[in-house]
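So the number in the working numbering is just where the residue sits in the sequence shown, counting from 1, plus 152. Every residue, glycine too, gets a C-beta built ideally from N, C-alpha and C. Source: prediction; values computed, not measured. A short write-up of the structure that comes next.
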Amino acid sequence: MKIVVDTETGLAPWRQVHDQIVLAITAGALPDGTRLPPIRQLARDLGLASGTVARAYRELETAGWVLTARARGTVVTIPADRPDPAVLLLAAATEYTTRARDLGANLDIALDAVRKAYPTSEKP
């Protein structure tokens, strides 16, 4: 699992960590039972305060994405009402189109940016 926090996006760092973990779980990169790094370790790796990562983990636990136990740490648990990846993709596309419009991009420019950003060497 690779998490990248970008301080220039305007999105809170805890939310970036949270969203990337949810995405990794939904995509199958973090299967049920996978142990997440300890809060202090992940905070150190990302250059964040421990409280920032703790909040992300707390929100993940509240939503049912992970369980935390002292002996086992924080472990991925797939919620029964796990969102459909297509629904998550539509939400991401909606956010992207909103930002593209805010920047004054038309459909052709927005699609061109997606084509340039989409890795062509990987299979979906």
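- Within the stretch 184-238, the complete beta strand (DSSP E) segments at least 3 residues long are 218-221, 225-228, listed from N- to C-terminus.
- In this structure, Pro237 sits near Thr178, with a CB-CB distance shorter than 8 Å.
- Between the alpha carbons of Leu200 and Val156 lies a distance of about 11 Å.
- Scanning its chain for C-beta atoms nearer than 7 Å, with the 5 sequence neighbours on each side dropped, one finds around Ala262 the residues Thr249, Ala252, in chain order.
- In the three-state DSSP reduction, Thr250 falls in the helix class (H, G or I).
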